[in-house]
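Working notes, beginning with the structure itself.
Number of protein chains: 6
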Amino acid sequence: MLKREKDELERAKQTANVLAEALPWINSWEGKTVVVKYGGSAMEDPELRRQVVADVVLMRRVGMRIVLVHGGGKAISALMKALDLPVEFVDGLRVTTPEAMDAVQMALVGKVNQMLVSAVDQYGDLGVGISGADGRTFVTSALDDVHGRVGKVERVNTHLVESMLDDGYIPVVAGVGWGEDGSYNINADVAASELAIALHADKLIYLSDVDGLYRDFDDESSLVSSMEATEVHELVDSGTLERGMIPKVTAAAEALDAGVTHVHFLNGTFPHSLLLEVFTDAGIGTMFYKED
Amino acid sequence: MLKREKDELERAKQTANVLAEALPWINSWEGKTVVVKYGGSAMEDPELRRQVVADVVLMRRVGMRIVLVHGGGKAISALMKALDLPVEFVDGLRVTTPEAMDAVQMALVGKVNQMLVSAVDQYGDLGVGISGADGRTFVTSALDDVHGRVGKVERVNTHLVESMLDDGYIPVVAGVGWGEDGSYNINADVAASELAIALHADKLIYLSDVDGLYRDFDDESSLVSSMEATEVHELVDSGTLERGMIPKVTAAAEALDAGVTHVHFLNGTFPHSLLLEVFTDAGIGTMFYKED
Amino acid sequence: MLKREKDELERAKQTANVLAEALPWINSWEGKTVVVKYGGSAMEDPELRRQVVADVVLMRRVGMRIVLVHGGGKAISALMKALDLPVEFVDGLRVTTPEAMDAVQMALVGKVNQMLVSAVDQYGDLGVGISGADGRTFVTSALDDVHGRVGKVERVNTHLVESMLDDGYIPVVAGVGWGEDGSYNINADVAASELAIALHADKLIYLSDVDGLYRDFDDESSLVSSMEATEVHELVDSGTLERGMIPKVTAAAEALDAGVTHVHFLNGTFPHSLLLEVFTDAGIGTMFYKED
Amino acid sequence: MLKREKDELERAKQTANVLAEALPWINSWEGKTVVVKYGGSAMEDPELRRQVVADVVLMRRVGMRIVLVHGGGKAISALMKALDLPVEFVDGLRVTTPEAMDAVQMALVGKVNQMLVSAVDQYGDLGVGISGADGRTFVTSALDDVHGRVGKVERVNTHLVESMLDDGYIPVVAGVGWGEDGSYNINADVAASELAIALHADKLIYLSDVDGLYRDFDDESSLVSSMEATEVHELVDSGTLERGMIPKVTAAAEALDAGVTHVHFLNGTFPHSLLLEVFTDAGIGTMFYKED
Amino acid sequence: MLKREKDELERAKQTANVLAEALPWINSWEGKTVVVKYGGSAMEDPELRRQVVADVVLMRRVGMRIVLVHGGGKAISALMKALDLPVEFVDGLRVTTPEAMDAVQMALVGKVNQMLVSAVDQYGDLGVGISGADGRTFVTSALDDVHGRVGKVERVNTHLVESMLDDGYIPVVAGVGWGEDGSYNINADVAASELAIALHADKLIYLSDVDGLYRDFDDESSLVSSMEATEVHELVDSGTLERGMIPKVTAAAEALDAGVTHVHFLNGTFPHSLLLEVFTDAGIGTMFYKED
Amino acid sequence: MLKREKDELERAKQTANVLAEALPWINSWEGKTVVVKYGGSAMEDPELRRQVVADVVLMRRVGMRIVLVHGGGKAISALMKALDLPVEFVDGLRVTTPEAMDAVQMALVGKVNQMLVSAVDQYGDLGVGISGADGRTFVTSALDDVHGRVGKVERVNTHLVESMLDDGYIPVVAGVGWGEDGSYNINADVAASELAIALHADKLIYLSDVDGLYRDFDDESSLVSSMEATEVHELVDSGTLERGMIPKVTAAAEALDAGVTHVHFLNGTFPHSLLLEVFTDAGIGTMFYKED
């Protein structure tokens, strides 16, 4: 046997060992439903995206029922800028005029969603893009008088998503809602939480650009490793949370209350963070959990 | 009984009579598959669109399996212009640079498709938007070296569309294809024909802005009422067809050859032209048929 | 275009308009179960019968689950007279000797039921005749000591009827019941109500020869347009009802109490009265309803 | 143990022995389809009828798919006589005027069929009466110009019968056919053969009042025990058959040709002749078979 | 007809009569679940075994869902002796060393179970052998510190057994349990009772070598014919039961409490005792029952 | 972060990387059927066995339909010796007297099979032991006059195995066959090949103690890496094969001819050789393949 062949065999053996060690995790996740909210630069960078999508497909292949909910703020802002539409945020939410809503849908459904579906499809006839209008998955109405076509979810119809999961597809869901008077822009963090609740998901994962939740955003050492639901509520009420994290943490708290037993905040720019969380006992990111 | 009540009853009786007269047509279309290619100003005008969508929902409700394939040239051109992208056509097909392809997807999948799905949803949890990437419905590759990301359909995977039809949904299909190297822009007339063939559809209807096929486009009296498949082929070969009609008529001829027994060209700006064609014996538009 | 063609097209356009206007009603009735009790001259007149059957088939085609329960008093009396059997009524119910019961079954199951099934079959493999013995749909016992083989329903087995509805058939049900000691004659108004209750039907329609329920039968202007369940009970208890209406109204009241939300009394000799009731907002006949 | 108890036990032991001996036959008939044509005095006598019906239910319970096709000549003639309708036969077939057809349907579907269904129902929710109009099981047209509404079977739709068999019911079929222009009287021997062919039945049994087929009707010793299909055809062609047996034997020969491997002629007045044929090796009646 | 033929026909007629008389019993047992615990010399004697297996197959063929649970004490002891392993019982239970457990599995699963499955297979693709490890049907743990690998049932997974019953198989179950730390020897009387409870069986039959339960084992006349559940409990508590019967009677009492309405003790050496119990009204053996 | 935590995270990252790299292989094996023949010391050593079983469960979890067929020569010989039964081989096949057959069944079905099923069950309700008698999976008859109860497979009934695979179980199959006159001992290499053919398996893997097939058994360097079907046949015919390999190689050749596209010979004592073969491109063992 040549040196090169020996090296190759050595590597293959390592692979086999690792796969074998993953079995208990694979076993315990069989048939479980996991909603992954995906966004930030982990989604914009092509190589990171390729990795995340591959991780998601792997999770599907080993028997998990996995749903990808994505945001797309950067793509929206880029398109709006190209179209000379004013970009304005109030209380962290995009003020969405009807023209802006058009841009939101084009960027989210026409660009980001299709890009993710196409990436999933590299592994087979697997991806199906779903916006809230498809099968009226998200029935929405106006959130308030200030934000225009920003919507709140009134009802989640899970029939289409569940039918897709039963057929073996990976639903890729955009945060756009259907309303009687037209489409609405839904916060993707909230959409993911609402969908996880309606699907009785076992786990909800927020995959973004930060390592997790910091008690004090300026203090890297304040990263929360795990936190029980009661404490999460206290944290939300305390008013000390960084503003950008409020909707995410609030949505996470609601999911916990509604029966989603674990909610995670992971850094998607960290290679294979999904696999690390699900198939190893490495303690990365922040985990919220509900005590029995 | 008051005069007003009498009038109302009179109108209701007329309604009942007409419904009763439609039964034989409804009966004969039960369970049949119909692909409708929808485009032009019949799609852009809100009131016409509302009518066409209502007609399509009605056709579904009375037992037809109906698929809507749409174009969106105007929306694409408008977006490209707003984005300062050059609009160029060669041999009637849009030269599609990668940037243009982005605009095509945003306009078709993010705007036109969602607009139609939302319109269908006015009648229930009925509409599901599908692009060629969803379930890899259209597997495509580059058409040629000239048109950039204009694609030809290599394979149609009907699983997703059929699953949606079996579940009672109305699939709304955008002419975008999935390729190993990214998305492709597919001519919607061709996409409709390919899908009709793959679904073994009973009927393919081109719903556009013109009254049908003219032998001589400048002579209104030359409108073709009906034409057998052999003659259609001769017409295509004759070279006398108006250029814009060539892809449509060629696609129609291919559908006929592959077993779709009737292909129609209807004017979608004419109120309820779909219902007229399917539920009355009014001879409107142009019909191609295949003799046994 | 010739004058004749223009007229035809005009008519076709009217047809299309009317169909389009019916969509909201069709939409709202999708998947609902409706039991129609059918009898009187609306059933005996061939042209009226043809119309009613066509209306029923149309209702099936647009997605309603429809069951036809029929009477046949005239056919029974005619056969009994031809067989020299004495015709006698006590308290509005036919005194049914064993010989009379034979005649009842022959007239109802062998003649009227088959006639209706055959009429339905004009529109496809659609009709299935069912008597209470088939699948022991109506398990019955003697009503009292006076009326001989007049029966009361002890139990309704819906399995056969539901299996037929699931398969797309239109069950046509005769008011004959199965008893351990032989067949029983069941009042068709009661049979329809019992079946509607057992099927959890959404609507029960009595289609007969009169325009609806009159508070005072001699005063045409006393026709009731609509009445809440409580008032229906009071009406039954008041003792002022015309005797012939008592079983029907009592059966209707029981259906309301058991969850059938609407019960209608329509005049089947009025053309397309079923369609008028279901697909227009014309206020014809009498409607009983239950307030939430 | 008392003498009486001993005797009872002895009888029970005999029962158990016999049941045990029947196992190989039960085993070999599991899932097989058998069509039984039932008629004559074996059907008119209440005690014989009770026995035959019990045998049929037993055959169903041990796993056979069994269909009962019945005639009813006597009941028809009796009703026609009671209604003062002329009874006339030409070439062994009843001349059937429209009035006579009414009587045929009433007697067959309304009386004989219901009587048999009710008898089956003594053993559970098992019987379902089916005439040719139900599900358009027998699509028929006029046989000739002479016999009026005597029909020949154009097409057998097995969907309804097979759905009933799959659901565990015992279909009880009357020899009445559906035609576009009204009902037809079908020879029950032929109806049974046509149905056996369409169902791909394994066995067709003619259960009547005679011991089987006689080569010479006047010579009791000429009873045929078994006969191969070729010889059956020769026998039909020879012209020596008693006229009344011609339709039955012809129908049997057609069934053999179409793949029904065994056709039997049994005497239904002989107690449990069905069980004898199916579950013992007693050679009773006449058997036609097809050599491989 | 010859004398011999007459005799044969006479016997066949008797067979047919007996079958016909069995119908009410067959009818009433359709679809019911029966667990038979089988053991003792009724299992060891080849001819008795052939009979019992045939009875079981017959019960399956007439529609009962039947499960055979077997012991095999003699086969175990014989193998242990041949392997020079010490045979020891404490409190009526075999002390089971790991080596003995090997012998238990080999004798029970490898010999007795396979012998029974093969016997069932004489009648078709019917038998499926199941030990507690298959599908983890019996999850077990150690009973106590004394008996080694004698186990108690912690949980019964019925999925595999029910899947086999649904597919038409006859599950043949060995009293071996799966434990996290290896296999366990389970008392077959208890295994049968646990399985009957988990399957919601209608009947549990103990088929052994004795005629039933004796109040006083030395007094043949003290055979119990039937006993209500309350009295069974008193009997167990009284301490007067023969030691060998204690586990069986206790298990029976638990089954009664858990909803198995009848438990029988039959002598399997008595020919066709199963058929006698199920298909005749002969009062053999002992029956425990629960009053409503 | 502590040093220990850093190391742990490092290891977890490596794990995630390896899993991610396995995706293409997992993807390509989804839904494929693989039959693994398992035997030799790779089965007898507890730690090796644990590894192989874990690999098999992993293969099931990632979507492969996997069947384990096992031998057990050593266990058989050990039991026969303990029972003082003579062990004799003729032409490489065990001479199997009826007493020896008992020992074969006890060792294979009662010991080895149960041991493997229990091992699989460590990962869930997954294992189901199947011998040829179960569902008459292997119908067999005597191979010849010399070897006693050594059998050849006449027919494979796949219904039970496929039902188990559909339900998500891992069938563990013993090489014992059912014959009308009792059980037969089947060569497990042949049983695996016959089962792979009947299941239309995609791959058949022989997992034993040797590294693969040697052209010259005494020359380690003559290990065959891969060989086309034609050459395999020539090799068998050449007569140069080591005797012990003849049945295996012959069985492999038959599987190739019958449509199993790849047959592998792997060394099961090499850690995770199954995973290496299926999920890496390491070239281990010998592969036979069929050119298109």
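Protein chains in written order, with the working numbering: chain V, 4 to 295; chain P, 4 to 295; chain G, 4 to 295; chain U, 4 to 295; chain C, 4 to 295; chain F, 4 to 295. Think of the CB as a built atom: it goes at the ideal place given N, C-alpha and C, for glycine as much as any other residue. Every value quoted in this text rests on a predicted model; they were computed, and no experiment measured them.
Report the neighbours of residue i on chain G: residues whose CB is nearer than 7 angstroms to its CB, in chain order.
i               : result
L163 of chain U : V131
Would a C-beta distance cut-off of 8 angstroms place residue i and residue j closer than the cut-off?
i               : j               : result
V56 of chain G  : L198 of chain G : no
G151 of chain P : T99 of chain P  : yes
V120 of chain F : V131 of chain F : yes
T283 of chain P : V227 of chain P : no
T143 of chain F : V159 of chain F : no
Distance check for residue j and residue i, CA to CA, integer angstroms please.
i               : j               : result
L129 of chain U : Y172 of chain U : 5 angstroms
N20 of chain V  : T264 of chain F : 27 angstroms
L82 of chain V  : V179 of chain V : 16 angstroms
N30 of chain V  : D205 of chain V : 15 angstroms
D260 of chain U : E237 of chain U : 14 angstroms
List the whole-angstrom C-beta distance separating residue i from residue j, where the pair is believed to meet the contact cut-off of C-beta under 8 angstroms.
i               : j               : result
V156 of chain U : I189 of chain U : 6 angstroms
D58 of chain P  : L278 of chain P : 5 angstroms
G66 of chain C  : R64 of chain U  : 6 angstroms
G42 of chain C  : S211 of chain C : 6 angstroms
E3 of chain C   : L111 of chain C : A question about residue 3 of chain C goes unanswered here, because the residues of chain C that appear run from 4 up to 295.
L202 of chain G : T36 of chain G  : 5 angstroms
A3 of chain G   : V235 of chain G : With chain G covering 4 to 295 only, the question about residue 3 of chain G has no answer from this structure.
V60 of chain G  : V123 of chain G : 6 angstroms
Against residue i, what residues of chain F qualify as contacts under a CB-to-CB distance less than 8 angstroms, listed in chain order?
i               : result
M109 of chain C : L82, M109, A110, G113 and K114
Find the residues of chain V that neighbour residue i, judging by a C-beta separation of less than 7 angstroms, and give them in chain order.
i               : result
G138 of chain P : D128, V131 and Y172
V120 of chain P : A136 and D137
Mind pulling the chain C residues with CB within less than 9 angstroms of residue i?
i               : result
P250 of chain U : Chain C residues near P250 of chain U: none, gap ~29 angstroms exceeds 9 angstroms.
Mind checking if residue i is an interface residue toward chain A, Cβ cutoff 8 angstroms exclusive?
i               : result
S276 of chain P : Any reference to chain A falls outside this structure, whose protein chains are V, P, G, U, C and F.
Which chain U residues sit within Cβ distance under 7 angstroms of residue i?
i               : result
N160 of chain G : D128
For residue i, which residues in chain U fall below 8 angstroms Cβ to Cβ?
i               : result
S166 of chain G : S166 and D170
Quiz item: Any residues in the stretch 171-195 of chain G with a beta carbon nearer than 8 angstroms to a beta carbon of chain U? Which ones, in chain order?
Solution: Y172, V179, W181, E183, G185 and S186
Quiz item: Closer than 9 angstroms, Cβ to any Cβ of chain P: which residues of the stretch 80-91 of chain V, in chain order?
Solution: L82, A85, L86 and D87
Exercise. Residues of the stretch 42-73 of chain C with a CB closer than 8 angstroms to any CB of chain U: list them in chain order, please.
Key: Q54, A57, D58, V60, L61, R64, V65 and G66
Quiz item: Mind listing which residues of the stretch 208-221 of chain P have their C-beta closer than 7 angstroms to chain G's C-betas, in chain order?
Solution: none
Quiz item: Can you list, in chain order, the residues of the stretch 12-34 of chain U whose Cβ is nearer than 7 angstroms to any Cβ on chain G?
Solution: none
Quiz item: When you check each C-beta in the stretch 231-250 of chain P against every C-beta of chain G, which residues fall closer than 8 angstroms?
Solution: none
Self-check item: Positions along the stretch 253-286 of chain G whose CB lies within less than 9 angstroms of some CB in chain P
Solution: F273, P274, H275, S276, L277, L278, L279, F282, T283, D284, A285 and G286
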